[in-house]
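For the record, the sequence lines run as chains A and B. Take the first sequence: its letters are residues 1 to 328, numbered as in the numbering used here. Take the second sequence: its letters are residues 1 to 254, numbered as in the numbering used here. Structure first, then comments.
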Amino acid sequence: MNMNMNMNMNMNMNMNMNMNMNIIETSGLGKRYGSTWALRECSLAVPAGHVAALIGPNGAGKTTLLNLAVGLAAPTAGGVTVLGGWPAGSLAALDGIAFVAQDTPLYRNLSVADMLHLTRNLNRRFDQASAEARLAELGIPPKRKAGKLSGGQQAQLALTLALARRPRLLVLDEPMAMLDPIARHDFMATVLTAAADDGVSVVLSSHVLAELERVADYLIMMSRGRVQVAGEVDELLASHRVLTGPAGEADRYAERPVVHVRRGGAQAHLLVRASADDPVPPGWEAHPVGLEELALAYLREPGAAALPGPARGRTLPLETGQPSEVTQ
Amino acid sequence: MAIDKGNGAPGGGAGASPASGGLYSDQHLRVSDAEREAVSGRLAEHFAAGRLDRAEFDDRVGRAMSAKTRADLRGLFAGLSETGAPAVPELPRGGGGTPGGGPRGPGSPIEFRLDAASGVPTYLQLVQQVEHALRLGYLKPGDQLPKVRDVVASLAINPNTVLKAYRELETKGLTAGRPGQGTFIQATLSQVALPELAGLRKSLLGWLTTAGAAGLDQDGIVALFTSALRDFHERRGDTGDRRGAASGETEGVA
Numbered sequence: 001m002n003m004n005m006n007m008n009m010n011m012n013m014n015m016n017m018n019m020n021m022n023i024i025e026t027s028g029l030g031k032r033y034g035s036t037w038a039l040r041e042c043s044l045a046v047p048a049g050h051v052a053a054l055i056g057p058n059g060a061g062k063t064t065l066l067n068l069a070v071g072l073a074a075p076t077a078g079g080v081t082v083l084g085g086w087p088a089g090s091l092a093a094l095d096g097i098a099f100v101a102q103d104t105p106l107y108r109n110l111s112v113a114d115m116l117h118l119t120r121n122l123n124r125r126f127d128q129a130s131a132e133a134r135l136a137e138l139g140i141p142p143k144r145k146a147g148k149l150s151g152g153q154q155a156q157l158a159l160t161l162a163l164a165r166r167p168r169l170l171v172l173d174e175p176m177a178m179l180d181p182i183a184r185h186d187f188m189a190t191v192l193t194a195a196a197d198d199g200v201s202v203v204l205s206s207h208v209l210a211e212l213e214r215v216a217d218y219l220i221m222m223s224r225g226r227v228q229v230a231g232e233v234d235e236l237l238a239s240h241r242v243l244t245g246p247a248g249e250a251d252r253y254a255e256r257p258v259v260h261v262r263r264g265g266a267q268a269h270l271l272v273r274a275s276a277d278d279p280v281p282p283g284w285e286a287h288p289v290g291l292e293e294l295a296l297a298y299l300r301e302p303g304a305a306a307l308p309g310p311a312r313g314r315t316l317p318l319e320t321g322q323p324s325e326v327t328q
Numbered sequence: 001m002a003i004d005k006g007n008g009a010p011g012g013g014a015g016a017s018p019a020s021g022g023l024y025s026d027q028h029l030r031v032s033d034a035e036r037e038a039v040s041g042r043l044a045e046h047f048a049a050g051r052l053d054r055a056e057f058d059d060r061v062g063r064a065m066s067a068k069t070r071a072d073l074r075g076l077f078a079g080l081s082e083t084g085a086p087a088v089p090e091l092p093r094g095g096g097g098t099p100g101g102g103p104r105g106p107g108s109p110i111e112f113r114l115d116a117a118s119g120v121p122t123y124l125q126l127v128q129q130v131e132h133a134l135r136l137g138y139l140k141p142g143d144q145l146p147k148v149r150d151v152v153a154s155l156a157i158n159p160n161t162v163l164k165a166y167r168e169l170e171t172k173g174l175t176a177g178r179p180g181q182g183t184f185i186q187a188t189l190s191q192v193a194l195p196e197l198a199g200l201r202k203s204l205l206g207w208l209t210t211a212g213a214a215g216l217d218q219d220g221i222v223a224l225f226t227s228a229l230r231d232f233h234e235r236r237g238d239t240g241d242r243r244g245a246a247s248g249e250t251e252g253v254a
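Okay, structure coming up:
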């Protein structure tokens with residue numbers, strides 16, 4: 001891992017120890033609802049110690065994958081292990097994972113204090129003091145009913161309950177969908193502080209591409225029930241460039257690993273799999289690519305894939321031949 | 001339970017209101033879980049309002065939760081008034097940097113900011129801000145950089161990003177980590193003595209005048225200087241140098 005622990009940051013020791021394991025690992029994982037495959041042939045290995053973002057259009061299979069990982073659903077095919085090898089849904093797995101579902105479900109008629117009380121009694125481990133301190137910091141009144149809290153406070157309460165279980169993996173399904181910008185910022189600050197303080201690994205699904213660049217250091221992109229891209233953000237960014245040049249020459253690169261083409265009358269932009277060291281063709285300019293641009297390009301090209309080395313047998317990152325074109 | 005119902009102020013019986021019932025002391029009565037939690041709740045409100053620091057809060061909540069009789073609950077609200085100014089100054093204890101309020105950057109003279117539109121990677125923005133602060137004198141050797149968790153809490157960014165920036169600064173020899181304390185500035189960025197700097201500046205101004213007279217505008221001058229600087233580094237063979245590699249926005253080939 002690219003983490004240098006002689007740096008004495010306030011990192012907890014357990015971060016060190018978990019660094020080499022996979023927090024979620026799937027092989028040939030599939031889930032079928034009726035005749036529809038919500039997830040197919042999913043093989044992933046998400047290393048511990050990351051904040052991993054799971055993105056993809058609606059219906060791509062994100063929630064299905066998360067539900068399988070936390071043990072809320074059973075796979076139709078293949079398998080999934082968590083926390084370094086425990087089968088999803090096993091006692092050890094349940095104990096070490098906290099999951100906040102899409103709509104941050106709470107008992108609306110229970111007070112905040114009662115929600116804490118309930119959660120404490122339903123779990124083997126619950127850090128009451130830290131939960132209370134966190135809610136106090138956030139200014140969430142213990143007596144108020146959960147249903148009367150603002151959307152941001154409800155999300156923070158659900159997150160507080162999840163973190164008080166002291167999980168090693170925190171799974172969040174669309175945590176920010178309903179939140180205003182300040183609430184989103186505060187929510188993610190809490191999540192990331194937990195990652196910094198306790199070494200909690202985080203997997204979150206999101207539609208908010210713009211914020212992922214600051215938040216995520218591991219990216220999983222899905223489309224149509226399949227994993228399209230998976231890898232560390234730094235590596236993905238370092239292995240992609242945008243080439244800008246004359247539109248007439250754009251087709252010359254169709255055989256190279258072009259992910260996405262944007263073409264005007266005279267000028268074209270190609271998002272290609274290439275590093276900074278790769279030669280740039282004469283007449284073309286190469287630019288580094290940001291996470292949002294990269295994600296958008298892949299989202300527009302569901303056929304293109306960039307999977308890490310261990311996905312054997314894939315030398316060319318394109319699964320299908322020709323990228324389709326979007327004319328500007 | 002009695003306290004939860006009917007009594008507007010949670011834990012009222014435990015606080016400074018011995019006169020509520022009045023006829024005989026209730027101090028020997030055993031306290032219920034509900035009362036303990038009500039007291040904790042009120043302490044939490046005081047903590048939220050900044051009237052208690054974290055350590056004091058933890059201590060008082062601990063006493064409340066282990067209280068057996070009403071007598072044990074006495075004094076838990078000592079020094080706390082609902083209206084007055086904070087009895088205890090808020091401590092800059094990384095305590096989660098009140099989301100939104102930003103951390104109080106204990107001991108660090110600088111505070112990071114992010115420009116999402118700049119296109120510069122986040123870790124590099126942090127590195128550049130430290131370098132900039134060093135050049136401008138906001139940071140001096142011995143100064144502490146903001147703690148990782150405080151940066152994370154205030155900017156809502158990935159901790160690994162901050163670690164990467166701090167690692168880069170350490171690699172450059174600008175900072176050093178002290179176990180258990182944090183990251184501290186070790187070097188300055190202006191290695192050249194002041195008189196020499198003045199001379200260099202003078203000759204550069206002369207060159208700028210020539211460039212301006214030749215018709216170069218500011219962008220043209222920057223482009224020319226950047227390109228010459230790159231050539232200079234390449235010729236010296238230190239292309240791996242941080243600045244050359246770091247600030248490459250566009251490696252254009254015309």
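We treat Cβ as the ideally placed atom computed from N, Cα and C, and that holds for glycine. All values derive from a computational prediction rather than experimental measurement.
Would Gly-96 of chain A and Val-80 of chain A be called neighbours here (beta carbons separated by less than 9 Å)? no
Applying the criterion that 16 or more other CB atoms from any shown protein chain within 10 Å of the CB defines a buried residue, is Val-259 of chain A buried or exposed? buried
On a CA-only basis, which of A:Lys-143, A:Val-227, A:Ala-276, A:Ala-266 is nearest Asp-234 of chain A? Give me that one, please. A:Ala-276
Assigned exposure category for Phe-112 of chain B - 16 Cβ within 10 Å defines buried: buried
List the residues of chain A that Pro-159 of chain B touches, going by C-beta distances under 7 Å, in chain order. Leu-192, Ala-195, Ala-196
Spell out whether any CB of chain A is found under 9 Å from the CB atom of Ala-116 of chain B. yes
Proximity below 9 Å, CB of Leu-161 of chain A to CB of Ala-131 of chain A: yes
Short-range partners of chain A found in the stretch 118–150 of chain B, where Cβ spacing is below 7 Å: Gly-119, Thr-122, Lys-147, Val-148, Arg-149
Establish whether the CB of Ala-146 of chain A and some CB of chain C are separated by less than 9 Å. The structure shown contains no chain C; its protein chains are A and B.
Cβ closer than 7 Å: which chain B residues qualify as neighbours of Met-188 of chain A? Ala-156
Please confirm if Gly-173 of chain B has its CB atom under 9 Å from at least one CB of chain A. no
Just checking: is the beta-carbon of Asp-180 of chain A within a distance shorter than 9 Å of some beta-carbon in chain B? no
Closest residue to Gln-186 of chain B among B:Leu-224, B:Leu-124, B:Thr-209, B:Tyr-166 (Cα-Cα distance): B:Tyr-166
With H, G and I counted as helix, E and B as strand and the rest as coil, what does DSSP make of Asn-20 of chain A? coil
Residue span of the beta strand (DSSP E) that contains Val-272 of chain A, given as start and end: 267–273
In its own chain, which residues sit with a C-beta less than 8 Å from the C-beta of Gly-265 of chain A, not counting the 5 before and 5 after it? Ala-247
Mark Ile-157 of chain B as exposed unless 16 or more other C-beta atoms lie within 10 angstroms of its C-beta, in which case mark it buried. buried
Taking only beta carbons into account, state which residues of the stretch 203–227 of chain A come closer than 9 Å to chain B, listed in chain order. Ala-210, Glu-211, Glu-213, Arg-214, Val-215, Ala-216, Asp-217
Just the chain A side, please: which residues come within less than 8 Å of Ala-44 of chain B by C-beta, in chain order? Glu-132, Ala-133, Leu-135, Ala-136, Pro-142
Express the C-alpha separation of Ala-194 of chain A and Val-272 of chain A in angstroms, rounding to a whole number. 36 Å
Put Val-289 of chain A into one of helix, strand or coil per three-state DSSP. coil
Checking contacts by CB at 9 Å: is Val-401 of chain A closer than that to chain B? Nothing in the structure corresponds to residue 401 of chain A, since chain A is present only between 1 and 328.
Count the C-beta pairs between the stretch 146–159 of chain A and the stretch 172–185 of chain A that are closer than 8 Å, then say yes if the count reaches three, no if not. yes
With a threshold of 9 Å between beta carbons, is Ala-153 of chain B in contact with chain A? yes
Whole-angstrom Cβ separation of Ala-274 of chain A and Val-261 of chain A, contact assumed at under 8 Å? Incorrect: roughly 14 Å between the Cβ atoms, too far for contact.
So what does DSSP say about Ile-140 of chain A, is it helix, strand or coil? coil
Helix, strand or coil: which one does DSSP assign to Ser-205 of chain A? strand
With a cut-off of 9 Å, does the C-beta of Asp-256 of chain B fall near any C-beta of chain A? Only positions 1 to 254 of chain B appear in the structure, and residue 256 of chain B is not among them; the question remains open.
In or out: Glu-196 of chain B buried (at least 16 other Cβ within 10 Å) or exposed? exposed
Would you mind telling me which residues of chain B sit closer than 7 Å to Asp-129 of chain A, beta carbon to beta carbon, in chain order? The sequence shown places Ala at residue 129 of chain A, rather than the Asp named in the question. Simply Asp-58, Val-61.
Paired residues, beta bridge with Ile-329 of chain A - DSSP: The question about residue 329 of chain A has no answer, for chain A in this structure spans 1 to 328.
Let me know the beta strand (DSSP E) ranges lying completely inside the stretch 72–159 of chain A, each 3 residues or longer, listed in chain order. 77–82, 97–100
Please determine, among B:Ala-117, B:Arg-178, B:Thr-188, the residue with the shortest C-alpha to C-alpha distance to Leu-139 of chain B. B:Thr-188
Through-space distance from Asp-103 of chain A to Thr-112 of chain A, alpha-carbon basis: Note on identity: in this sequence residue 112 of chain A is Val, with Thr being the wrong assignment. So the two alpha carbons sit approximately 17 Å from each other.
Best match in A:Arg-165, A:Glu-301, A:Val-289 for proximity to Gln-228 of chain A [C-alpha to C-alpha]: A:Glu-301
Using the Cβ count rule (16 or more neighbours within 10 Å means buried), how would you classify Leu-23 of chain B? The predicted position of Leu-23 of chain B is uncertain, since its pLDDT is 43 and thus under 50; a value taken from the coordinates is nonetheless stated next. By the neighbour-count rule (16 or more Cβ atoms within 10 Å), Leu-23 of chain B is not buried but exposed.
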